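What follows is one structure encoded as C-alpha cells, with my remarks underneath.
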Amino acid sequence: MKLDKATIAKLAEHLENCELNAQDTLKITEEHPEMDWDDAYLIQEEIKRRKIARGTKIAGLKAGLTSFAKMKQMGVETPCFGFVTDYGCVPDGGEVKVNELIHPKVEPEIVFVMKHALKGPGCHIGAVLAATDFIMPGIEVIDSRYRDFKFDLKSVIADNTSASRFVIGSQIKAPSEVDMRTLGVVMEKNGEVVSLGAGAAVLGHPATAIAMLANHLGARSQEIPAGAMILSGGVTEAVAVKAGDNVTLKIQHLGSISMRFV
Ligand code: OOG
Ligand code: MG
Numbered sequence: 030m031k032l033d034k035a036t037i038a039k040l041a042e043h044l045e046n047c048e049l050n051a052q053d054t055l056k057i058t059e060e061h062p063e064m065d066w067d068d069a070y071l072i073q074e075e076i077k078r079r080k081i082a083r084g085t086k087i088a089g090l091k092a093g094l095t096s097f098a099k100m101k102q103m104g105v106e107t108p109c110f111g112f113v114t115d116y117g118c119v120p121d122g123g124e125v126k127v128n129e130l131i132h133p134k135v136e137p138e139i140v141f142v143m144k145h146a147l148k149g150p151g152c153h154i155g156a157v158l159a160a161t162d163f164i165m166p167g168i169e170v171i172d173s174r175y176r177d178f179k180f181d182l183k184s185v186i187a188d189n190t191s192a193s194r195f196v197i198g199s200q201i202k203a204p205s206e207v208d209m210r211t212l213g214v215v216m217e218k219n220g221e222v223v224s225l226g227a228g229a230a231v232l233g234h235p236a237t238a239i240a241m242l243a244n245h246l247g248a249r250s251q252e253i254p255a256g257a258m259i260l261s262g263g264v265t266e267a268v269a270v271k272a273g274d275n276v277t278l279k280i281q282h283l284g285s286i287s288m289r290f291v
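Under the working numbering, think of the first position of the sequence shown as 30, with each following residue one higher.
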C-alpha cells in the first residue's frame, strides 16, 4: 500500500462521482504514479462501501480483460476483477439511458451462477465446474470513467473495471450440458453482426476466469459465495453504442437477449 487512507477515500469519492454524474476524468495514475495493486483494489472496495452505505445492493461479481481481444483492445495483459450493482441490472429487452453514461460500449459475456462457495488459492477449472449451478448469456455495458476510455490496469481496477449496466438471459444450461469452449457467440447492433467468437476466447475456457477470481479473492481472505452471479469477461472486443441503437446477443444453447439505448 503506497497511498494513505485519506487519498484512497478521496480517489474513490472522485471516481464514484464521475460515474454518478456521467463525467469523465484523467486516469488517476497520472497524479498518483506510485499507487500499487493493493491501492487500486482498496479504492474499488471503498467505492463498494460507499454504495452499500447508500442502500445499493451488490448484484454480482465480474472478471474483465479475460480475452485476448479485450486485452489487445485496451492495451493490458492481465485480467481484473470488480462488481456489478442492482441499479446496473437491466431487464432483457429493456432500455439504457445514454445520458446517464459517458461513452458506453457493449460486450458479450458468459455468466456463471454458483451453487457452492469457491475459495482460493489452488482453485482450478475442475473446482469451478463442480461448484457452478448454471451459465446464462449476458451483455455487459462498460463505461470507463477515464477520458477516451484510455487507462492502465491500476486505474481501471480502481474504477471498478468500468462496470456500468448489464442484461442477463433466462435460458440456462448446466456446465455438464455444454462445452463452453465451443459455444458460439454472435452480437448484433441494429441487425448487423458487429462481433463474433466462441467461449474459448476467454482464457481458453471461461471457467478459468472464475478460478482466477477465486484465487484473487483467496489471496485477500475472501471467497466467491454460494449463489453468486459472475460475469466471466467479454468474449470479443467491446463495441461503442449510442442512443437509438439496439443490441442483440445470441449464444449457442443459451438463446438470445437484447437491450436498447435511448
Ligand atoms: C475494462 C473492463 C473489461 C471485460 O469484460 O473485459 C471488462 C474495460 O475494458 O473498460 O468488463
Ligand atoms: Mg465485461
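Glycine is no exception: its CB is placed at the ideal position from the N, C-alpha and C atoms.
If you're wondering where the values come from, they're calculated on a predicted model, not measured in any experiment.
From the DSSP output, read off the bridge partner residues of residue i.
{"i": "Lys218", "result": "Glu221, Val276"}
{"i": "Glu136", "result": "Glu169"}
{"i": "Ser247", "result": "Note on identity: in this sequence residue 247 is Gly, with Ser being the wrong assignment. According to DSSP, Gly247 bridges with nothing at all."}
{"i": "Gly284", "result": "Ile280"}
{"i": "Ala227", "result": "Gly213"}
{"i": "Ala269", "result": "Lys134"}
{"i": "Thr54", "result": "Tyr175"}
{"i": "Ile259", "result": "Leu90, Phe141"}
{"i": "Leu147", "result": "Ile253"}
Is the CB-CB distance between residue i and residue j below 8 Å?
{"i": "Leu130", "j": "Cys109", "result": "no"}
{"i": "Leu260", "j": "Ala156", "result": "no"}
{"i": "Val5", "j": "Gly89", "result": "This structure cannot speak to residue 5, because the chain is shown only from 30 to 291."}
{"i": "Ala187", "j": "Ile72", "result": "yes"}
{"i": "Glu106", "j": "Glu138", "result": "no"}
{"i": "Gly233", "j": "Met209", "result": "no"}
{"i": "Thr265", "j": "Leu225", "result": "yes"}
{"i": "Gly167", "j": "Ile197", "result": "yes"}
{"i": "Lys134", "j": "Val268", "result": "yes"}
{"i": "Lys218", "j": "Val291", "result": "no"}
{"i": "Leu32", "j": "Met64", "result": "yes"}
**OP:** Could you tell me whether the stretch 146 to 153 touches the stretch 270 to 280, where touching means 3 or more Cβ pairs closer than 8 Å?
**Re:** no
Original post:
Going along the chain, which unbroken runs of the alpha helix (DSSP H) with 4 or more residues stay wholly within the stretch 150 to 216?
Top reply: 154 to 160, 182 to 187
**OP:** Any chance you could list the alpha helix (DSSP H) runs of at least 4 consecutive residues sitting entirely within the stretch 86 to 124, in chain order?
**Re:** 97 to 103
Original post:
Of all residues in the structure, which have a C-beta closer than 7 Å to any heavy atom of the ligand MG, taken in chain order?
Top reply: Lys91, Gly93, Glu136, Glu138, Glu169, Ile171, Leu260, Gly262, Gly263
Subject >> Cβ pair count under 8 Å reaching 3, the stretch 134 to 146 against the stretch 241 to 259 >> reply: yes
Original post:
Do the stretch 67 to 82 and the stretch 39 to 56 touch if we need at least three Cβ pairs shorter than 8 Å?
Top reply: yes
Subject >> Given 8 Å, three or more beta-carbon pairs between the stretch 183 to 200 and the stretch 228 to 242 >> reply: no
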